[in-house]
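In order, the protein sequences belong to chains A and B.
Taking the working numbering, I'd label the letters of the first sequence as residues 1 to 174.
Taking the working numbering, I'd label the letters of the second sequence as residues 1 to 511.
Idealized CB from N, CA, C, for every residue including glycine.
First the structure, in the form of structure tokens, and then the observations on it.
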Amino acid sequence: MLRYEVEIDGRLRQVSIQRAHGRFVATVDGRERAVDAARVDAHTWSLLIEQAGGRSVSSHEVSIIPGPVSNRFAVQVGSSPLTVSLNGRRRWDRKDEGGQPGSGPQRIVAPMSGKVVRVLVQPGEAVRARQPLVVIEAMKMENELSATHDGTVADIKVRDGQSVDAGTLLIVIV
Amino acid sequence: MNKILIANRGEIAVRIIRACREMGLSTVAVFSECDRAALHVRYADEAYAIGPSPPQDSYLRIDRIVDAARAAGADAVHPGYGFLAENESFAAAVCDAGLTFIGPTPQAVRLMGNKTAARAAASRAGLPVVPGTEAALAADAPDADVARVAASIGYPLLVKAVAGGGGKGMRTVGDPADLAGAIRAARSEAGAAFGDAAVYIERRLMRPRHVEVQLLADEHGTVVPFVERECSIQRRHQKVVEETPSVAVTPALRQNIAAQAALVAREVGYTNAGTMEFLLDEDGRSYFLEMNTRLQVEHAITEMVTGVDLVRWQIRIARGERLDLDADRMLTPVGHAIECRIYAEDPDNGFRPSPGRIHQLRAPSGPGIRDDSGATAGLDVPIFYDPMISKVMAWAEDRPIAIARMRRALAEYRIGGIKTTLPFFTWLLAQPEFLAGRFHTTYLDEVVAAREGQPFVEPPAEIEDVAAIGVALQAVLTPAAALDVDPGTRRWKAQARTEGLRSGTMGRCEA
């Protein structure tokens with residue numbers, strides 16, 4: 001099973017995806033749904049999502065375009081445009097399974113232009129996965145950026161109160 | 001006439017090429033550096049580079065465009081709208097080069113492009129004009145004299161550029177104390193935008209509607225006016241939705257303004273396509289506002305309710321042919337048509353320009369839908385020009401069905417990679433005032449301001465869940481490298497930085 005933290009409009013969702021008989025079971029914040037996914041082209045998916053109770057299947061055309069920042073996407077579902085951040089990288093449910101897809105240096109970048117409200121860690125500090133590292137304020141909303149996996153703070157490129165552009169490197173974790 | 005050079009870009013260049021193709025005429029495109037791979041270049045039979053991307057170095061270069069026409073052996077030039085379309089020097093240069101200008105004579109462009117002269121021509125033809133000064137204010141007129149003139153016209157009033165268009169060089173003044181400052185600001189803006197700082201004063205009608213009459217006039221004295229277009233849905237003096245017919249125009253008023261438009265056209269010996277703009281006050285009285293001496297952005301909704309190809313007629317008129325349209329039929333719309341101008345702007349961010357690469361594009365289609373666009377997937381929306389990427393139009397038997405069709409079309413539209421005004425239109429076409437046809441030229445600015453930046457489309461939680469599932473699924477099924485930052489965007493940003501350009505300074509052509 002693969003788990004992700006997905007952020008839309010400031011709200012986090014815990015999403016896990018499980019393969020089952022050529023289809024998928026998607027669990028969003030504990031709510032399970034059977035999903036049939038067909039890839040149409042590089043940016044387009046057709047999703048058939050079974051509704052609770054399995055009585056009806058809703059059809060959604062979903063466009064996913066990579067944004068200017070890693071793991072941030074411009075998504076369109078029907079007439080609704082959404083900005084979606086995939087916070088967690090792939091994380092395996094059991095520690096012993098597979099290689100270490102979440103290892104390697106993490107470069108924490110500003111997902112949007114804004115102001116650094118607080119840097120929450122020190123150089124050399126050991127951090128755990130999902131530990132908040134820095135708070136960025138943009139459009140009057142505070143956004144916490146977290147480590148995706150365990151590591152050590154190698155470099156802090158910004159200080160409290162500093163203005164940053166989208167894509168600015170903030171913190172490096174090794 | 002066998003070969004036509006199109007002195008424009010984007011959707012209107014494509015539109016004109018289509019008419020030429022259908023008439024068996026060869027087409028010549030011109031393009032700036034950033035438009036090398038643009039759709040109008042790909043659709044044309046021949047294409048010539050005319051310079052760097054900034055308009056003043058390419059699409060506004062009369063010499064280079066005329067040279068390209070000569071080199072290609074073109075025998076006519078179609079200016080489209082914007083850029084040089086209402087520039088009398090361009091029309092004259094084309095004629096002097098022995099080519100046919102597909103539009104009015106340079107004299108007509110000069111006369112009707114000058115707002116005070118156009119108002120005077122309309123007055124001579126017996127049309128009511130909005131009360132105002134007959135000529136431009138003298139550059140050295142003492143403030144006290146100007147204040148007296150303004151008081152006699154009445155407040156609130158508008159200070160407008162004589163050479164104006166698209167809301168530039170225009171100021172609303174409610175308080176006499178602000179008059180001198182507004183005149184200074186309008187003069188300076190007009191000087192920068194049009195190279196002519198002259199301004200005049202006009203009374204500001206409260207809550208007027210903007211309606212306009214398209215007309216065609218041949219070189220043999222025949223003038224045919226068309227059913228009106230309603231263009232009151234404007235954002236900062238820029239039209240964003242047009243429809244025809246207008247819910248506010250009775251058959252009697254339609255006959256009346258059509259006859260008035262034809263009168264003015266005859267008064268000035270106008271030829272080819274043009275549009276007379278009128279204001280309607282709250283009591284249904286009409287006032288001549290100005291004339292556009294060219295094809296307009298919104299011409300195609302007229303085509304939808306009359307079945308006439310206006311660009312084809314422009315070319316036929318320029319060839320000296322006689323207009324033989326049934327004049328009564330042109331004033332009798334079949335059904336209703338509506339247009340939304342889709343811009344590369346972020347409506348949820350103060351309509352900030354959103355240039356960049358289009359990764360995905362699927363235009364709507366099906367019954368009653370027409371999409372005129374110069375955009376394709378893989379192209380950048382340049383920062384140099386008007387950010388309009390498409391005109392999506394819906395035709396149906398009546399207005400409610402046309403609106404329903406437009407809503408259906410907006411939902412089908414997919415434009416990925418840049419922000420567009422699609423969500424804004426989805427919102428607008430659900431507003432009770434819009435559905436009831438109760439609006440005026442400042443309606444949109446008022447309701448948008450009252451929203452205080454609230455997003456135009458707020459997806460329900462279920463749709464957010466679907467988006468979350470989609471992105472997570474793609475992450476599962478896509479190699480990690482493919483999820484990285486989009487290379488097109490990175491390249492775009494680097495280019496914008498090196499050229500020292502900011503999206504806020506982007507030029508817009510007015511139409």
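- Counting along the chain, A:Lys157 sits inside no alpha helix (DSSP H), nor does DSSP assign it H or E at all.
- Around the CB of B:Leu279, 16 or more other CB atoms lie within 10 Å, so the residue is classed as buried.
- Under the DSSP definition of a beta bridge, B:His78 partners with B:Ile6.
- B:Glu464 reaches chain A at Ile8, Asp9, Arg11, Arg13, Leu82, counting residues in chain order whose Cβ is nearer than 8 Å.
- B:Gly470 belongs to the set of residues whose beta carbon lies under 9 Å from a beta carbon in chain A.
- Beta-bridge partners of A:Trp45 (DSSP): A:Arg39, A:Val62.
- Secondary structure of B:Phe278 (DSSP, three-state): strand.
- Interface residue (Cβ-Cβ distance to chain A less than 9 Å): B:Gly378 is not classified as such.
- Proximity of A:His60 to chain B, defined by a Cβ-Cβ separation below 9 Å, is satisfied.
- Put simply, the CB of A:His149 is far from chain B, with every gap to its CB atoms at 9 Å or more.
- For B:Thr376, the CB contacts under 8 Å within the same chain, skipping 5 residues up- and downstream, are Leu39, Ile358, Leu361 in chain order.
- When the five nearest sequence neighbours on each side are left out, the beta carbons in the same chain lying within less than 8 Å of the beta carbon of B:Leu379 are those of Ala37, Ala38, Leu39, Arg357, Ile358, in order along the chain.
- In the three-state DSSP reduction, B:Lys419 falls in the coil class, being neither helix nor strand.
- The beta-bridge partner set that DSSP reports for B:Asn256 is empty.
- Closest by C-alpha distance to B:Pro79, out of B:Ile418, B:Val149, B:His220, B:Asn272, is B:Asn272.
- For B:His40, the secondary structure class from DSSP, reduced to helix, strand or coil, is helix.
- Identification of chain A residues near B:Thr302 by a Cβ-Cβ cut-off of 7 Å yields none; the smallest Cβ-Cβ distance measures about 28 Å.
- In summary, B:Leu289 is buried, with 16 or more beta-carbon neighbours lying within 10 Å of its beta-carbon over all protein chains present.
- About 26 Å separates the beta carbon of B:Pro176 from that of B:Ala193, a gap too long to meet the 8 Å contact definition.
- Annotation note: the region 369-417 of chain B contains the following uninterrupted alpha helix (DSSP H) runs of length 4 or greater, listed N- to C-terminal: 399-412.
- For B:Pro423, the chain A residues whose Cβ falls inside 9 Å of its Cβ are Ser79, Ser80, Pro81, in order along the chain.
- B:Val447 sits in a helix when the DSSP states are folded into three classes.
- At a cut-off of 9 Å between C-beta atoms, A:Ala20 does not count as an interface residue with respect to chain B.
- Within 8 Å of the CB of B:Leu410, the CB atoms of chain A belong to Ser79, in sequence order along the chain.
- A:Ala154 and A:Asn71 have their alpha carbons spaced roughly 22 Å apart.
- Under the 10 Å beta carbon count, B:Glu303 is surrounded by 16 or more other beta carbons and is classified as buried.
- In this structure, the CA atom of B:Gly98 is about 20 Å from the CA atom of B:Cys20.
- Residues of the same chain with a CB within less than 7 Å of the CB of B:Arg124, apart from the 5 flanking positions on each side, are Glu267 in chain order.
- Per DSSP, B:Ser188 is one residue of the alpha helix (DSSP H) stretching across 179-194.
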